[in-house]
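Enquirer: Before I ask anything, let me first share the structure, which is written out below as structure tokens.
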């Protein structure tokens, strides 16, 4: 049975206004004055009913109500796929559409997207990384609800879903120290200034070895900073782990453990060691940081850290929907109404780490 097509008359009834008012509001014909409350009520009624305005939008009359824009840096790491799935699932459940914007870690692309999104005036924005253009995103947040998924305490004044990445590095390092490892390497993708989560992870790992008195036997290697914008290739993080591990194992053959800045980096480390005929974990232990699905599969069994990526995506979307509702009800005018949700990382011990062979 065909579903009855929703008309502007249906929207008018639900919004409690005339059909002509609906037509003028949805077509952005503001030659007649409407209150902001009336405009939002009509747009919300249209969204709930699923009404599609078939008239062509003008350049100045684009409405993206009922749409959430999500910015992400790349899809080379499945971590972001998990985040996006959590966001999209929650958005669709609440009758919102999702538009995805891949910045490819390129500053120009990020700025271009932010400026275009600001003009489109969607219902909300979720940024799954700490943006370079902080002043621009804060300016946009004054008009459009914005939620950031990122490192703890990196950007003030925005609603955030946070993870303590420094603690992630500390958990991995302490686990290796508890097993008896005293000579370890930490391998990472570029540790640029804008990659606050990566740098915090590395810092947590290094400082934990330092506090234990082994700062001279922990080695940090990363790709050059200029490589950061190349992270649009699907295998880049894996190749980072493979290539850095291949270099380090030649230079420091008596290492007993290696940790990757992400699970994809750790998987590259894993395969490089296998190709060099090392046994894992009997000769070298390997650990990651994301708890990707593949990391727990047979034959990999990677020790890692749970980040709760899908749940972070869901919570970010729910937080954004709450902000959209606050804006609709004018509650967001209350100063200082900033929300923070913090996740505690959790160590997942599997078969890729064990006691060093020499003990």
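Residue numbers (full-length UniProt numbering): 1 to 359.
For glycine and all other residues, C-beta sits at the position ideal for the given N, C-alpha and C.
Given the structure is predicted, the values throughout are model-derived calculations rather than measurements.
Just mark residue 277 as buried or exposed, buried being the case when its beta carbon has 16 or more other beta carbons within 10 Å.
Expert: That one is exposed.
Enquirer: Express the C-alpha separation of residue 36 and residue 152 in angstroms, rounding to a whole number.
Expert: Whole-angstrom Cα-Cα distance: 35 Å.
Enquirer: Which same chain residues end up closer than 7 Å to residue 182 when comparing Cβ atoms and leaving out the 5 residues on each side of it in sequence?
Expert: Cβ neighbours of residue 182 beyond the five flanking positions: 214 and 217.
Enquirer: Let me confirm a value: residue 166 is counted as buried when at least 16 other C-beta atoms fall within 10 Å, else exposed. Which label applies?
Expert: Classification for residue 166: buried.
Enquirer: Check whether the Cβ atoms of residue 41 and residue 66 lie closer than 8 Å to each other.
Expert: Not in contact: residue 41 and residue 66 (Cβ atoms no closer than 8 Å).
Enquirer: Kindly indicate which three-state DSSP category residue 412 falls into: helix, strand or coil?
Expert: Residue 412 is absent from the structure shown; the chain starts at 1 and stops at 359.
Enquirer: Taking a contact to mean a Cβ-Cβ separation below 8 Å, would you say residue 266 touches residue 241 in this structure?
Expert: Cβ atoms of residue 266 and residue 241: closer than 8 Å.
Enquirer: Should residue 352 go down as buried or exposed, given a rule of 16 or more other Cβ atoms within 10 Å for buried?
Expert: Looking at its Cβ environment, which holds 16 or more other Cβ atoms inside 10 Å, residue 352 is buried.
Enquirer: Quickly, what does DSSP pair residue 242 with across the bridge? List them, please.
Expert: Looking at the DSSP assignment, residue 242 forms no beta bridge with any residue, so it has no partner.
Enquirer: Tell me the DSSP secondary structure of residue 345 in three-state form.
Expert: Three-state DSSP puts residue 345 in coil, outside helix and strand.
Enquirer: Quick check: the Cα distance between residue 34 and residue 309, rounded to an integer number of angstroms?
Expert: Cα to Cα, residue 34 sits roughly 42 Å from residue 309.
Enquirer: In angstroms, rounded to a whole number, what distance separates the CA positions of residue 260 and residue 287?
Expert: Each residue's Cα considered, the two are about 6 Å apart.
Enquirer: In this structure, how does DSSP classify residue 282 when only helix, strand and coil are distinguished?
Expert: Residue 282: coil per DSSP, three-state reduction.
Enquirer: Taking the alpha-carbon positions, what's the residue 203 to residue 51 distance?
Expert: Looking at the two C-alpha atoms, the distance is approximately 51 Å.
Enquirer: Does DSSP classify residue 317 as helix, strand or coil?
Expert: Residue 317: helix per DSSP, three-state reduction.
Enquirer: To the nearest whole angstrom, what separates the beta carbons of residue 256 and residue 228, a pair I think is in contact under 8 Å?
Expert: Wrong, their Cβ atoms sit about 30 Å apart, outside the cutoff.
Enquirer: Buried or exposed for residue 225, please, with buried defined as at least 16 other CB atoms from any protein chain shown within 10 angstroms of its CB.
Expert: Under this definition residue 225 is an exposed residue.
Enquirer: Which runs of the beta strand (DSSP E) at least 3 residues long sit entirely within the stretch 243-268? Give them in chain order.
Expert: If we require 3 residues or more, the beta strand (DSSP E) runs fully inside the stretch 243-268 come out as 257-260.
Enquirer: Among 178, 233, 271 and 220, which has the Cα closest to the Cα of residue 362?
Expert: Given a span of 1 to 359 for the chain in the structure shown, any question on residue 362 remains unanswerable.
Enquirer: For a test of the three-state rule: what should DSSP assign to residue 140, helix, strand or coil?
Expert: Helix at residue 140.
Enquirer: Roughly how many whole angstroms lie between the Cα atoms of residue 104 and residue 112?
Expert: If you take the alpha carbons of residue 104 and residue 112, they lie about 12 Å apart.
Enquirer: Helix, strand or coil: which one does DSSP assign to residue 340?
Expert: In the structure shown, residue 340 sits in a strand (DSSP, three-state: E or B).
Enquirer: Going by other Cβ atoms of all chains shown within 10 Å of its Cβ, with 16 needed for buried, is residue 71 buried or exposed?
Expert: By the 10 Å Cβ count, residue 71 comes out buried.
Enquirer: Which whole runs of the beta strand (DSSP E) in the stretch 91-164 are 3 residues long or more, in chain order?
Expert: Taking only runs of at least 3 residues, the beta strand (DSSP E) segments lying wholly in the stretch 91-164 are 97-102, 122-127, 146-151 and 159-163.
Enquirer: Can you name the start and end residues of the alpha helix (DSSP H) that residue 206 belongs to?
Expert: 196-211 is the span of the alpha helix (DSSP H), which, as asked, contains residue 206.
Enquirer: Tell whether a beta-carbon distance below 8 Å holds between residue 144 and residue 313.
Expert: It is not a contact, given that the beta carbons lie outside the stated cut-off.
Enquirer: Report the option in 236, 291 and 188 whose CA atom is closest to the CA atom of residue 350.
Expert: For the residues 236, 291 and 188, the minimum Cα distance to residue 350 belongs to 291.
Enquirer: How close, in whole Å, do the beta carbons of residue 338 and residue 150 come, if the pair is a contact with beta carbons under 8 Å?
Expert: In fact, because the Cβ distance is near 14 Å, the residues do not count as touching under 8 Å.
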